[in-house]
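Student:
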Amino acid sequence: MTGQSVTRIRVGASAAAEAYEVLVGRRILEDPAELHRLIGPHARRVALIHPEALTAVAGRLRAQAEELGCETITLRVPDAEAAKTADVAAHCWQRLGRSGFTRTDVIVGVGGGATTDLAGFVAASWLRGVRWIAVPTTVLAMVDAAVGGKTGINTAEGKNLVGAFHPPAGVLCDLAALDSLPVEDHVSGLAEIIKAGFIADPVILDLIEADPAGARSPRGPQLPELIRRSLQVKADVVARDLKEAGPREILNYGHTLAHAI
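Numbering of the sequence shown is given in the working numbering, commencing with residue 3 and proceeding in unit increments.
#1: DSSP three-state call for L233: helix, strand or coil?
#2: Within the continuous beta strand (DSSP E) that includes C94, where are the two ends?
#3: Measuring CA to CA, which of G42, A58 and R218 is closest to V141?
#4: For A237 versus G14, is the C-beta distance shorter than 9 angstroms?
#5: Could you check where the alpha helix (DSSP H) with G199 kicks off and where it finishes?
#6: Could you give the first and the last residue of the continuous alpha helix (DSSP H) run that contains I206?
#7: Which one or two residues does DSSP pair with F167 in a beta bridge?
#8: Going by beta carbon distance, what residues of the same chain come within less than 7 angstroms of Q280, once the five residues before and after it are set aside?
#9: According to DSSP, simplified to helix, strand and coil, what is G122?
#10: Under 8 angstroms by Cβ, that's how I've got R78 and H52 pegged, so tell me the actual separation to the nearest angstrom.
#11: Give me the Cα-Cα distance between A241 and Y22, rounded to the nearest whole angstrom.
#12: Of the residues C94, A171, A202 and L120, which one's Cα is nearest the Cα of V164?
#13: Considering only the alpha carbon of each residue, which of V189, E159, P214 and V137 lies closest to G172?
#14: Would you mind sorting E32 into buried or exposed? The rule is 16 or more other CB atoms within 10 Å of its CB.
#15: Taking the alpha carbon of A67 as the reference point, which residue from T118, I196, A49 and R231 has its own alpha carbon closest?
#16: So, is D176 buried or exposed, given that buried needs 16 or more other C-beta atoms within 10 angstroms?
#17: Would you please state the rounded distance, in angstroms, between the beta carbons of L228 and I195? I believe it to be under 8 angstroms.
#18: Per DSSP, what are the beta-bridge partners of D176 in this structure?
#19: On the premise that G191 lies in contact with V145, defined as a C-beta separation below 8 angstroms, what is that separation, rounded to the nearest angstrom?
#20: Taking its Cβ as the centre, do 16 or more other Cβ atoms sit within 10 Å of A212, making it buried, or is it exposed?
#21: Measuring CB to CB, does K86 end up less than 9 angstroms from I135?
#22: As a quick exercise: from G114, P184 and L70, pick the residue whose alpha carbon is nearest that of H44.
#23: If you draw a straight line from the C-alpha of L209 to the C-alpha of L259, how long is it?
#24: Please tell me whether G111 and T118 are closer than 9 angstroms, where the distance is taken between their beta carbons.
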């Protein structure tokens, strides 16, 4: 790796999915080793799904994939919820089909939660399921959307009504991506971390209460620990109940009221 401290969180295997790792660290995307490991030796093509604003990040990952001799397909999609539509998914499917994308190939989703939701859904639906890698670039995506296997798109009838449970092969959380995140987006992700504290880990709440200003900063000293603890809460729940048959419903704490608002 880059010499920076890297935390690895294992999301356990179940009858429906293999185990995978979530890596958290600063500048971990600068070292191609983990991406190369996740792509594996058999992929011939790598499709990168990302919004326009993250072209530079996706370009770095594209170059790393090409080091393995892989053909790369760049799929730029709208930002935020505008990406989660049937039309955008259909455009991705069309590009994959024209590129001869097979079951041994890999999709990489780079962006916030909407982008990783879309990328995971495209991966779940193409050839009944191909591998994908999540590269979340917001706090909320790191601690929620990119972990747990829920993927999907929106319809006129509501959010996330079309989707699949399709966990990634791995998740790469580069904390450096948060440095340019707007404050309101950072605080939005912090709310999800606080939720994890209420659900199962009160130490999260203690850390935030001890230094609220630091918690609101992308470079705050406790942010890596807050993200790690929040991820561990979700990983523990998902390992027991991938498809939300019971225990996983605790992760929806607050969602019903929030969606109504």
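Cβ atoms here follow ideal geometry from the backbone N, Cα and C, with glycine treated the same way.
Tutor: With the structure as the only source:
#1: helix
#2: Membership of C94 in any beta strand (DSSP E) is not indicated; the residue belongs instead to the alpha helix (DSSP H) covering A88 to R100.
#3: R218
#4: yes
#5: V185 to I201
#6: First-last of the alpha helix (DSSP H) with I206: P204 to A212.
#7: K152
#8: Outside the displayed span of the chain (3 to 263) sits residue 280, for which this structure offers no information.
#9: helix
#10: 7 angstroms
#11: 11 angstroms
#12: Taking only the C-alpha atoms, the option nearest V164 is L120.
#13: V137
#14: exposed
#15: Of the listed residues, the one whose Cα sits closest to A67 is A49.
#16: buried
#17: 5 angstroms
#18: G27
#19: 6 angstroms
#20: exposed
#21: no
#22: L70
#23: Straight-line Cα distance between these residues: approximately 26 angstroms.
#24: yes
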